[in-house]
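173 is the number of the first residue of the sequence shown in my numbering; add one for each residue after it.
Glycine included, C-beta positions come from ideal geometry on N, C-alpha and C.
One structure is given here, and the rest of the page talks about it.
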Amino acid sequence: MFDGTLSSKQGLPNMKSKRRINSTGRKRISRESIDIRMLSAVPGESLRASAAIDLSSYKFPADALLAIEAYHRSSGMRFECGTVGNQSIPPVLLLDQVDQSGSVLFRVKVTDGDGERGRLLGSAERVQPLSEDESKDRRALFPVLYRSLGQQVWKVEINEGDRPKLILNRDLPGIQHRLQTDVFMKGTLFPPAFRIVMEALSAAPNDDDGDDEAESPPWQTEWLTFCQERLGLAAPPPNDPDERQSWIEDAVDRFSAEYGFVREIRKQDRNQEEEA
Numbered sequence: 173m174f175d176g177t178l179s180s181k182q183g184l185p186n187m188k189s190k191r192r193i194n195s196t197g198r199k200r201i202s203r204e205s206i207d208i209r210m211l212s213a214v215p216g217e218s219l220r221a222s223a224a225i226d227l228s229s230y231k232f233p234a235d236a237l238l239a240i241e242a243y244h245r246s247s248g249m250r251f252e253c254g255t256v257g258n259q260s261i262p263p264v265l266l267l268d269q270v271d272q273s274g275s276v277l278f279r280v281k282v283t284d285g286d287g288e289r290g291r292l293l294g295s296a297e298r299v300q301p302l303s304e305d306e307s308k309d310r311r312a313l314f315p316v317l318y319r320s321l322g323q324q325v326w327k328v329e330i331n332e333g334d335r336p337k338l339i340l341n342r343d344l345p346g347i348q349h350r351l352q353t354d355v356f357m358k359g360t361l362f363p364p365a366f367r368i369v370m371e372a373l374s375a376a377p378n379d380d381d382g383d384d385e386a387e388s389p390p391w392q393t394e395w396l397t398f399c400q401e402r403l404g405l406a407a408p409p410p411n412d413p414d415e416r417q418s419w420i421e422d423a424v425d426r427f428s429a430e431y432g433f434v435r436e437i438r439k440q441d442r443n444q445e446e447e448a
């Protein structure tokens, strides 16, 4: 099935991007030094995460304070995690005060004292957590998350500077198992979700948030790479509106053909008939 994984070391096409210069003197903490993972979602319970941070190469003062902030939209939480020399990161970050309806981002901050009011010595902004089964060298292009969505079954979330995510309602009984085993569900879910991302991609194929903290290629670059190398699609998308719409349709057709949704549905139906 569409796992949408890309190696972080994979060569990607050049795209122009804006970068602001850090003139504050603070150190930028690399994503390679941070391992934050979302733990499996449990229906009816708050989101949870785990974190491990290696600051040994940054030469921060041993008594500098370490904190992790988790946030989504206007909600957020702060976890005091001891000092650089004596970390006390909670084994589980319980995100019970963070909006549960979408993807959670994190900040890592090192200050010279006095908690939130201390001088900022180093930070990592907008850290995207991995899932439990992801690795740093191989991460999902189109992560699937399970969140509380009220009466919505699913939605695609595309935030500035963040990878698109497919979010399924975790309050539906057995939805994770269904997605893994029911090819009809895959065939009716993934192509329209893919189309939403392609429409966003074609509207702003060279968009970049210009964040000086960004270390990974913008998500548009990763998706264009997938479309070119996996689907054989011409890139970037054309500027003409009619040609752009045709490009989107071609992308969805190629994506559906790549994963053979109708073929797999028919195959599953035949197998079920034979077993009956």
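With a threshold of 8 angstroms on Cβ separation, who are the neighbours of GLU385 within its own chain once the five nearest residues in sequence on each side are excluded?
No answer about GLU385 holds up, because its pLDDT of 47 lies below 50 and its placement is not dependable.
At 3 residues or longer, and completely inside the stretch 236-275: list those beta strand (DSSP E) runs for me, N to C.
As far as the stretch 236-275 is concerned, its whole beta strand (DSSP E) runs of at least 3 residues are 237-244, 247-255.
So what's PHE278 in DSSP terms, helix, strand or just coil?
Strand at PHE278.
Let me know the secondary structure DSSP gives VAL316 once reduced to three states.
Three-state DSSP puts VAL316 in a strand.
Mapping the DSSP letters down to three states, classify ALA296 as helix, strand or coil.
Looking at ALA296 - three-state DSSP - the assignment turns out to be strand.
Can you say whether GLU447 is buried or exposed, counting buried as having 16 or more other CB atoms within 10 angstroms of its CB?
It is exposed - the Cβ of GLU447 has fewer than 16 other Cβ atoms within 10 Å.
My assumption, with CB atoms under 8 angstroms, is that GLU363 sits in contact with SER320. Please give the rounded CB distance.
Strictly speaking, residue 363 in this sequence is Pro, with Glu absent from that position. PRO363 to SER320, Cβ: 25 angstroms. No contact.
Please report the straight-line C-alpha distance between THR360 and LEU293, rounded to a whole angstrom.
Computed Cα separation, rounded: 49 angstroms.
Could you give the distance in angstroms between the alpha-carbon of ASN443 and the alpha-carbon of GLN352?
Distance between the alpha carbons of ASN443 and GLN352: 17 angstroms.
In the DSSP assignment, find the alpha helix (DSSP H) that holds ASP422 and state where it starts and stops.
Unbroken alpha helix (DSSP H) run through ASP422: 413-431.
Which of helix, strand or coil does DSSP assign to LYS439?
In the structure shown, LYS439 sits in a helix (DSSP, three-state: H, G or I).
Within 10 angstroms of the Cβ of GLU394, are there 16 or more other Cβ atoms? Answer buried if so, exposed if not.
So GLU394 counts as buried.
Taking the straight line between their C-alpha atoms, what separation do you get for GLN417 and ARG367?
Whole-angstrom Cα-Cα distance: 11 angstroms.
According to DSSP, what are the bridge partners of GLU204?
Bridge partners of GLU204: none, in fact.
Can you have a look at GLU406 and say buried or exposed, based on whether 16 or more other CB atoms are within 10 angstroms of its CB?
In the sequence on display, residue 406 carries Ala and not Glu. Exposed, since its Cβ has fewer than 16 Cβ neighbours within 10 Å.
Using C-beta distances below 7 angstroms, list every residue in its chain close to ARG291, excluding the 5 sequence neighbours before and after it, in chain order.
Hits under 7 angstroms: THR283, ASP284.
Quick one: Cα of GLU436 to Cα of PHE356, how far?
So the alpha carbons of these two residues sit roughly 8 angstroms apart.
Among the residues of its own chain, which have a CB less than 6 angstroms from the CB of ARG335, if the five just before and after it don't count?
For ARG335, where only same-chain residues beyond five positions count, the Cβ hits under 6 angstroms are TRP391.
LEU340 by DSSP, collapsed to three states: which one?
LEU340: strand per DSSP, three-state reduction.
Buried or exposed: which applies to ARG245, given that a residue is buried once 16 or more other Cβ atoms fall within 10 Å of its Cβ?
By the 10 Å Cβ count, ARG245 comes out exposed.
So which of GLN348, TRP419, GLU332 has the shortest CA-CA distance to TYR318?
Comparing Cα-Cα distances from TYR318 to each of GLN348, TRP419, GLU332, the minimum goes to GLN348.
Run the CB neighbour count on ARG438, radius 10 Å, all protein chains shown included, and call it buried at 16 or more, exposed below.
The residue in question, ARG438, is exposed, as its Cβ has fewer than 16 Cβ neighbours within 10 Å.
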